[in-house]
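Numbering (the UniProt record's numbering), first residue to last: 1 to 192. Glycine included, every Cβ here is placed at the ideal spot set by N, Cα and C. Keep in mind that this is a model prediction, so the values were computed, not measured. So the structure is just underneath, and the comments pick up after that.
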């Protein structure tokens with residue numbers, strides 16, 4: 001309930017009171033939330049997103065929607081290259097600013113270009129979390145490597161010549177969202 005009110009306030013560009021922020025913070029605290037542990041693929045992109053948001057809060061390193069998209073994409077690519085199959089429940093699409101997971105984009109678009117300060121639940125205060133140690137290690141590695149980059153800097157990395165995004169994106173067809181498949185990633189493994 002409070003979360004939907006917060007999203008509505010953000011979409012109307014209203015100021016969020018300290019009380020509301022406190023209620024949201026309390027709602028997302030570990031003592032009050034229930035977690036759905038994911039131990040085998042496909043892992044939800046939301047669980048990966050929540051990991052990076054938690055890291056951003058923990059290390060005071062802002063995570064925006066753009067940065068979040070790229071961190072998830074780098075994790076996705078690393079997992080695809082290791083396992084030769086998709087390990088997440090959604091495939092990225094080639095959008096103007098690089099690879100985007102549409103479900104994550106729509107979940108966090110209420111933050112606009114601002115910092116995402118708390119994780120998202122699936123429903124009814126159930127937060128997905130990844131339990132698989134291999135996947136957690138990949139996410140930790142991606143975080144350590146890219147946490148100091150901005151979303152725009154990470155977007156530039158995904159635009160590398162010869163990369164999967166560059167091969168699929170066509171600025172002449174802005175309304176066409178092309179899926180970056182496992183095959184695209186495997187065929188362009190030298191570049192993101």
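The DSSP-derived three-state label of residue 43 is strand. Residue pairing for residue 168: DSSP places it in no beta bridge.
The secondary-structure analysis by DSSP pairs residue 100 across a beta bridge with 93. Nearest in C-alpha terms to residue 59, of all of 65, 104 and 51, is 51. Residue 86 and residue 108 have their alpha carbons spaced roughly 23 Å apart. Under the three-state reduction of DSSP output, residue 179 falls in the strand class. Here residue 38 is bridged, per DSSP, to 130. Looking at 83, 84, 150 and 105, the one whose alpha-carbon comes closest to that of residue 92 is 105. In the displayed model, residue 71 falls within a helix according to three-state DSSP. According to DSSP, residue 174 shares a beta bridge with no other residue.
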